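Under the numbering used here, think of the first position of the sequence shown as 3, with each following residue one higher.
Data first, discussion second: the structure below is written as structure tokens.
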Amino acid sequence: MSDEAIIAEENQKRCVSPMTDKELQRASIRASFQIQNEVGKNSRKWGAEVESKAEKFAGRSKVSKIS
Numbered sequence: 003m004s005d006e007a008i009i010a011e012e013n014q015k016r017c018v019s020p021m022t023d024k025e026l027q028r029a030s031i032r033a034s035f036q037i038q039n040e041v042g043k044n045s046r047k048w049g050a051e052v053e054s055k056a057e058k059f060a061g062r063s064k065v066s067k068i069s
């Protein structure tokens, strides 16, 4: 290989992400857990809001249960 080819190859190696496969995998798992946590917080918050609205409605409602 010529000197230029060797230099080009070295430069290409430097441009590649320094993360190893294992680091990349850990980062991916960490990101997915963060997303799940956010989704969980939002769904619990939404669920609590719906529940409180349902309780308020049930308190005001004059509909009797049909047995």
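Think of the CB as a built atom: it goes at the ideal place given N, C-alpha and C, for glycine as much as any other residue.
Because the structure is a prediction, the values reported are computed rather than measured.
Contact set for residue i: own chain, Cβ-Cβ below 7 Å, skip 5 residues either direction
i: Met3; result: none
i: Gly61; result: none
Separation of residue j from residue i, as counted between CA atoms
i: Lys15; j: Ala56; result: 60 Å
i: Asn39; j: Ala33; result: 10 Å
i: Lys24; j: Ser45; result: 31 Å
i: Val41; j: Ala50; result: 14 Å
i: Ile9; j: Met21; result: 22 Å
i: Phe35; j: Lys43; result: 12 Å
i: Ser54; j: Trp48; result: 10 Å
i: Arg28; j: Glu6; result: 36 Å
Hey, which unbroken runs of the beta strand (DSSP E) at 3 residues or more fall wholly within the region 21–68?
The qualifying runs do not exist here; there are none.
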